[in-house]
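122 is the number that UniProt numbering gives the last residue of the sequence shown; the numbers go up by one with no jumps.
We treat Cβ as the ideally placed atom computed from N, Cα and C, and that holds for glycine.
Since this is a predicted model, take the numbers as computed values, not measurements.
Inspection log for the structure reproduced underneath, given as structure tokens.
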Amino acid sequence: MMEATGVYHERLATELHDAGFRVSLANPHRSREFARGMGIMTKTDKVDAYMLACYAFLKKPHHWEPPSPEIRYLAALLRRRDVLLGDALREENRLEKNTCRQTHLQILSVPAGVWRSFCARR
């Protein structure tokens, strides 16, 4: 039993599953509410481990199956695209703020076309 924490849990959960372990994932919000319902207000690694063990024992969550390698690859591509779009937006904002726009554009002359193509897709 482990909390699903964005991309951080995926590798460990997949490795454990591939090694033959049964893995269950808990929604962090639900597990926190479960802890509050038990009167547990502190949040330490030791308390979290105890709370997740109780949660697994009482709730008997289903066993997690990792997505196929193709789905994991597509998800990684989408995450990377989101990062690049964020970078492109930040760069566009920098260009708008820069008082010496021409100098900034010269510095970024090669990537500028890449940024614009990403921004055009939004």
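Cβ neighbour criterion (16 or more within 10 Å) applied to residue i
{"i": "S68", "result": "exposed"}
{"i": "E33", "result": "exposed"}
{"i": "S117", "result": "exposed"}
{"i": "A35", "result": "buried"}
{"i": "V41", "result": "A small fix is needed here, since residue 41 is Met in this sequence, not Val. By the 10 Å Cβ count, M41 comes out exposed."}
{"i": "E91", "result": "buried"}
{"i": "Y73", "result": "exposed"}
{"i": "Y8", "result": "exposed"}
{"i": "V47", "result": "exposed"}
{"i": "A26", "result": "buried"}
{"i": "V83", "result": "exposed"}
{"i": "A88", "result": "buried"}
DSSP three-state assignment for residue i, whether helix, strand or coil
{"i": "A4", "result": "coil"}
{"i": "A19", "result": "coil"}
Limits of the unbroken alpha helix (DSSP H) element including residue i
{"i": "K60", "result": "Segment: none, K60 is in no alpha helix (DSSP H) and carries neither H nor E."}
{"i": "I71", "result": "P69 to K97"}
{"i": "E33", "result": "P28 to G37"}
> Is there contact between the stretch 56-70 and the stretch 10-25, where contact requires at least three CB pairs shorter than 8 Å?
Replying inline: Under the three-pair Cβ rule at 8 Å, the stretch 56-70 counts as touching the stretch 10-25.
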